[in-house]
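Chemist: Chains as they are written, first to last, in the working numbering: chain A, 186 to 347; chain B, 13 to 435; chain C, 38 to 676. Built from N, CA and C at the ideal position, the CB exists for glycine as well. Note that this is a predicted model, so its numbers are computed, not measured. Starting off with a structure, shown below.
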Amino acid sequence: MKRIFVQPDLCTACKTCEMQCAIEHSQAKNIFASPAETPHAMNRVFVEAAEDRKIPIFCRHCEDAPCVAACISGAMFRDRTTDAVMCDWSRCIGCWTCVMVCPYGVIGRQLELGKAVKCDLCPERESPACVDSCPTKALVFKDVEKFSKEKRAFFAAAIAGG
Amino acid sequence: MRHVIIGASAAGMATAKAIRKRDPSAEIVMLSDESRPPYYRPLIPYLIYKEKTGEDIARQACLTPPNLDLRLGVHATKLDPKNHLLTFGNIDSLTYDRLLISTGASPVRPNISGLDGPGVFTLRTWADAESIAKVAKDAKHAVILGAGRIGMKSAFALRHLGIEVSIVELLDRIVPQQLDEESAVIFAHTVADAGIKISLGQTFKTINYEGKKITSVTLNNGVELKADLVIVGVGVRANLELAISGGLHTQKGLLVNERLQTNDAHIFAAGDVVETRDIISGDSIVSGIWTNAVEMGRIAGDNMAGGKSTYQGAFSLLNSMELGGLPVVSVGEVQALPGDGVEIYTERKGQTYRKLVFCGNRLVGLILVGQIEGAGIYQTLIREKADVSALRHELLGHRFHYGHYILSKPGVTDMYVVAGRIR
Amino acid sequence: MFEDRSTSPDSIEMLGVAKKLDVELVWDRYAAQVPQCGFGETGLCCRHCLQGPCRIDPFGNGPKVGVCGATADTIVARGLDRTIAAGTAAHSGHAKHLAHTLKKLADGKAPDYAIRDSNKLRAVAQRQGIELVGKSDLQVAGELADLALEEFAERSTPVEWTMKTLTAGRLKKFGEMGLLPYGIDSVISEIMHRTTNGVDADPVNLLLGGIKCAIADYDGMAMATDLSDILFGTPQPTVASANLGSLKKEAVNIAVHGHNPVLSDMVCGIAPQMEAEAKKAGAKEGINIVGICCTGNEVLMRHGVPMATSSVSQELAIITGALDAMVVDYQCVMPSLTKIAEGFHTQVITTMGIAKMPGATHINFEEEHAAEGAREIIRLAIEAFKKRDAAKVHIPDIRNTAIAGVSAEAVIGILSKVDSADPLKPLIDNIVNGNIAGVCLFAGCNNVKIPQDRNFVAMIKELARRDVLILATGCASGAFARHGLMTPDATNKYAGSGLKAVLTALGNAAGLNAPLPLVLHTGSCVDNTRAVAIAVAIANKLGVDLDKLPVVASAPEASMEKAVSIGTWAVALGLPTHVGVVPPVTGSPLVTQVLTQTAKDLLGGYFIVELDPVKAAEKLFEAINERRKGLGLAEKVVA
């Protein structure tokens, strides 16, 4: 299944990913109208700073997702087709137990609606909005095995090349 | 291989899911002593004021392990470990290869005059909630014993119906386990704004009736509160009867080893019935927390199906909730006092409050009120017993994020560069 | 605590107070901004037309050109040029204001001002080619003002202050390279034109255009220095004080902040007339004026007004709860001041039509009614004093002596006491014999990205012990003053033996009975041109051009566009120029190379970008030694 892989050494912290994520999860889906909407559109991916470094932080859609285990209302579930961990807003009661257990801190609170907000791997798109918009190609949407294989090949070439 | 699971709530379902993962074809029989289909217990307060229906709180198919032989309304009464035999109902019985006891806990019923009368409820099951809803329809005054989670949730639910609500709490603050003095003051305002009256340092002396109708409650300071509905929420006690009937070792709860096995190698236990270790203090605790139950179920189920997982222990406190629209996350040792290696950091700004409890170089307790984003990272640090000395400055700041955590791990830092820096 | 924010003890103390009050300061706002966008940091973002905004991927994976076809080199160069133009516009706006004031004075329209230094007026006028015979001061002033205002027009000859103050060598080189601006506003406008979509796309051509603009920046600044001296007096060494401890509990505290002495000097001049009013309001010690930033420098060196704080820590002055008014004109004034003032009684008063702030009280300052304007401002401050909340007053008990006002004339003055016939000789002799290895001019600002003053203090210690003579202007002098480095004491503590000997001799010659201070305070940012005047004098005496002198410059904590324009003309003048932050040019290796290497071949001066202050000092010292070698002098060796 596909996941978003982040190559942090290519991140310039331009935050286009954050912006496009919010736009994608808005009604109007464009930069001019979306920012003024209520409930306001929220980004589910984050670029933070620590020690002068730029650190993109994304939901990992964990195999053994703590948020799914902890959810007391059955709102957090794993989508059978995309394998994404999703939040069903019809069941979410805004207890924030998921926020309390997510080790990456990537679950947010939609305050106007009282619902947990998280990355859904953009189910209505071929590939997620953040990946498509990253200007330095720091984000990659790939099958896990494929990504690992490519990384191994790269490493092998580097070793062989000296 | 037949696995029998007693209990169809968080622990039982998590166990079944874990068994299924290892052994897709194993036979799993699940017994529930409730006649309602499996549901999310924490949602039952919503039934009181009809915000949610039974369908809304029932467990969805996609979150229920497949091929379960689920039997509702079945009460397991006797356990014969030597013969791998479980008796339920009057004469029915079942043999098992592996058994999981997740019989949960039941509300404590203190010895108070009038407590056993009609109109006095505990809130543990779907059925409880429906009974309360029925009486609440015509009730004008409700008095609740206990300002813990059950008491508070019930109170807010009843306020939705316009009922006058009073809460009577023995200790000196509301939600005494999850909140400390300062955060309790913040919530006292929220609670008062919702029209809920609180009496602290009090308990019930008598519950008074006129015939079969409740009329009032007398507190031990003599004050009499009008009541036509009483809810008691003063804690739960593990349901140990079945375990005891089988001669299993129990104390406050059912005793288990690291693999969540009882003293009988074929019998495992998970959830509110279990006595386990507090992951921070090492003390022996019975933990009534949904998240812990799921975690235990996962490990018990994995081991029942041949795995070798170990359970590290439970958080005695791991709670997230919203009262009156104000969220609070409480994790670990939040009531600790400074001294003896314990350092406490607090910061209050209006309705936002943070409390971090450090013991030596570890974070051991956390309260976040209002601004709860990123709570999970703090929780991870507590659970991992991480050395946070290098993170102290960031932890106390308002912008702590996963990046700080990951950079504190050696070998990871080189991945991150600064774009455009002249080196 | 707060080591990441400031190294200045008074700032640190006030940071603690601010934290308790939970006030958001510049450091908090910066923390909210990080991580900052890497496209901006590398200069690879272009917003010069509506087909953008365009980005070029510094890693080479994404787009390599903008929509119009502009490359990274073009985009970076265009961006840098606009920065230089902005800095030039600011400095020359200040100069223009002075020129207008002088003109109004000459025309009898601004009676509250006066010619305070008639000698300087005549010397400057003469130098600029104005006939003096038979003319009164006001007549000469009128002609000089006209000449100054003409600098800003479309002209057929290069700008006059440049032509009359630089070495022949520089003028020849600039002329050959086409770098002489013909008008200050002209070249600023030319930058805006050539950097918009579809005009100049040649990065080197753009950079040369930027250098030309930077020379116009120099021109305006030289003009400003001259006109300020004429109107307000040529500075002489003055003993004053620095740090927030200069605020007085029992006085009406007024901070003058911003740049132009047209305003601040008038406020200082009128204040003594209102002492009685202040005392009547309950201020036992009357009125206490303190300075912040460059205008603080102006009144520090002319009137001994203490320098309370500067640059990045300007907000802390309000946090003391003892500042009754902050009077500002333009540049470097944080708009956050009014928000912070909300929690206190402080009146933030804006005075210029082009520089207003929401939340401030605006009193339009007009030169024609300057004294009245100053009175109104001071009156507001006295009224505000009555509303002071004693409970909120916290003045750190930290004050350092600061000796200011070492203008070129003052230096020559002191040197003439050693050798009246040939005042430059003692200075040059000591450079030749190595007592003084060379000269370093510190300029620039604080930058929130660097703990306040950390780089300044680290570098001065490294350079002083290597016998480098230190000059400082602007907020660099603010930094040194805060740490007690503008004192004879600092000379005794940090100067190498050679430098100490020279400063001691000069101090004695000046009748101080103590060495000259470790830092020779040259003035405000426009007064960087005073340092150029000294360098030009030395160069002419030695018969070499500026790019041969062992003179270097450093802006170790630069933050403003003005710092970039100054740095650029310093390079053009032939000085190795250090910057302690990375300017947004690294997205173009070509531009980076031109600024740091090619410039050396073309102009003799070049940029040194080095974030580590100790390494920076070492590199500057290496540059000084390279120059010494070039002059046939023994290289300086330090243990």
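Any Cβ of chain C within less than 9 Å of the Cβ of glycine 432 of chain B?
Modeler: Note that glycine 432 of chain B has pLDDT 41, beneath the 50 cutoff, so the model's placement of it is unreliable and no number is given.
Chemist: Taking a Cβ distance cut-off of 9 Å, strictly less, list which residues of the segment 217-230 of chain A are near chain B, in chain order.
Modeler: none
Chemist: Isoleucine 248 of chain C and leucine 640 of chain C: beta carbons closer than 9 Å?
Modeler: yes
Chemist: Is DSSP giving arginine 290 of chain B helix, strand or coil here?
Modeler: The residue you asked about is not arginine; residue 290 of chain B is aspartate in the sequence shown. In the structure shown, aspartate 290 of chain B sits in a strand (DSSP, three-state: E or B).
Chemist: Taking 9 Å as the CB-CB cut-off, is isoleucine 384 of chain B touching chain A?
Modeler: Contacts with chain A at 9 Å (Cβ-Cβ) include isoleucine 384 of chain B.
Chemist: Any beta-carbon of chain A closer than 9 Å to the one on proline 650 of chain C?
Modeler: no
Chemist: According to DSSP, is glutamate 345 of chain B part of a helix, a strand, or is it coil?
Modeler: coil
Chemist: Can you find a C-beta in chain B that's less than 9 Å from the C-beta of aspartate 59 of chain C?
Modeler: Closer than 9 Å to some Cβ of chain B, the Cβ of aspartate 59 of chain C qualifies, so yes.
Chemist: Am I right that threonine 614 of chain C and glycine 642 of chain C are in contact with their C-beta atoms under 8 Å? What's the rounded C-beta distance?
Modeler: 6 Å
Chemist: Whose C-beta lies closer than 7 Å to the C-beta of alanine 402 of chain B among residues of the same chain, with five residues either side of it excluded?
Modeler: Short of 7 Å from the beta carbon of alanine 402 of chain B, and not among the five residues preceding or following it, lie these beta carbons of its own chain, in chain order: Ser420.
Chemist: Bridge partners of serine 114 of chain B, per DSSP?
Modeler: The partner list for serine 114 of chain B (beta bridge, DSSP) is empty, contrary to what the question assumes.
Chemist: Does any C-beta atom of chain A lie closer than 9 Å to the C-beta of glutamate 499 of chain C?
Modeler: no
Chemist: Under a three-way DSSP split, which group does glycine 213 of chain B fall into?
Modeler: coil
Chemist: Assess, as a yes-or-no matter, whether the segment 47-55 of chain C is touched by the segment 270-283 of chain A under the definition of 3 or more beta carbon pairs within less than 8 Å.
Modeler: Taking a contact to require three or more Cβ pairs closer than 8 Å, the segment 270-283 of chain A and the segment 47-55 of chain C do not qualify as touching.
Chemist: Which same chain residues end up closer than 7 Å to proline 130 of chain B when comparing Cβ atoms and leaving out the 5 residues on each side of it in sequence?
Modeler: Lys224
Chemist: Let me confirm a value: histidine 210 of chain A is counted as buried when at least 16 other C-beta atoms fall within 10 Å, else exposed. Which label applies?
Modeler: buried
Chemist: Please confirm if histidine 416 of chain B has its CB atom under 9 Å from at least one CB of chain A.
Modeler: By the rule that beta-carbons nearer than 9 Å mark a contact, histidine 416 of chain B touches chain A.
Chemist: Using three-state DSSP, classify arginine 416 of chain C as helix, strand or coil.
Modeler: helix
Chemist: By alpha-carbon positions, which one of B/Ala281, B/Val246, B/Gly247 and B/Ser44 ends up nearest to threonine 262 of chain B?
Modeler: Cα-wise, what sits closest to threonine 262 of chain B is B/Ala281.
Chemist: Check whether the Cβ of aspartate 81 of chain B sits closer than 8 Å to any heavy atom of the ligand PLP, and report yes or no.
Modeler: This structure lacks the ligand PLP; in fact it carries no ligand of any kind.
Chemist: For histidine 153 of chain B, count neighbouring C-beta atoms within 10 Å of its own C-beta (all shown protein chains included) and say buried if the count is 16 or more, exposed if not.
Modeler: Counting C-beta atoms within 10 angstroms of its own C-beta, histidine 153 of chain B has 16 or more neighbours from the protein chains shown and is therefore classed as buried.
Chemist: Is proline 195 of chain C helix, strand or coil by DSSP?
Modeler: Three-state DSSP puts proline 195 of chain C in coil, outside helix and strand.
Chemist: Taking its Cβ as the centre, do 16 or more other Cβ atoms sit within 10 Å of threonine 223 of chain A, making it buried, or is it exposed?
Modeler: exposed
Chemist: Between glycine 124 of chain C and serine 602 of chain C, which are expected to be in contact by the criterion C-beta below 8 Å, what is the C-beta distance as a whole number of angstroms?
Modeler: 3 Å
Chemist: Our contact map puts lysine 316 of chain C next to glycine 323 of chain C with C-beta atoms below 8 Å; I'd like the distance itself, whole angstroms only.
Modeler: About 6 Å separates the beta carbons of lysine 316 of chain C and glycine 323 of chain C, which is inside the 8 Å limit, making them a contact pair.
Chemist: With 16 as the cutoff for other CB atoms within 10 Å, does tyrosine 357 of chain B come out buried or exposed?
Modeler: exposed
Chemist: Give me whichever residues DSSP pairs with threonine 262 of chain B in a beta bridge.
Modeler: For threonine 262 of chain B, which the question treats as bridged, DSSP gives the partners B/Leu266.
Chemist: Rounded to whole angstroms, what's the CA-CA distance from tyrosine 417 of chain B to glutamine 70 of chain C? Just pull it up for me.
Modeler: C-alpha separation (whole angstroms): 20 Å.
Chemist: How many whole angstroms separate the CB atoms of aspartate 184 of chain B and leucine 212 of chain B, which I take to be in contact at a CB cut-off of 8 Å?
Modeler: 5 Å
Chemist: How big is the Cα-Cα spacing for leucine 268 of chain C and lysine 133 of chain C?
Modeler: 14 Å
Chemist: Going along the chain, which residues of its own chain have a beta-carbon closer than 6 Å to the beta-carbon of valine 327 of chain C, five neighbours each way excluded?
Modeler: Ser283, Ala292, Pro343 and Ala345
Chemist: Which first and last residues belong to the alpha helix (DSSP H) in which threonine 346 of chain C is found?
Modeler: No alpha helix (DSSP H) holds threonine 346 of chain C; the beta strand (DSSP E) holding it covers 344-346.
Chemist: Could you tell me whether any Cβ in chain A is nearer than 9 Å to the Cβ of arginine 92 of chain C?
Modeler: yes
Chemist: Touching or not, the segment 583-600 of chain C and the segment 212-232 of chain C, by the rule of three or more beta carbon pairs under 8 Å?
Modeler: With a cut-off of 8 Å, the segment 212-232 of chain C and the segment 583-600 of chain C do not count as touching, because too few Cβ pairs lie within range.
Chemist: For glycine 337 of chain B, is the classification buried or exposed, using 16 other Cβ atoms within 10 angstroms of its Cβ as the cut-off for buried?
Modeler: The residue is exposed, with fewer than 16 neighbouring Cβ atoms inside 10 Å.
Chemist: Establish whether the CB of arginine 411 of chain B and some CB of chain C are separated by less than 9 Å.
Modeler: yes
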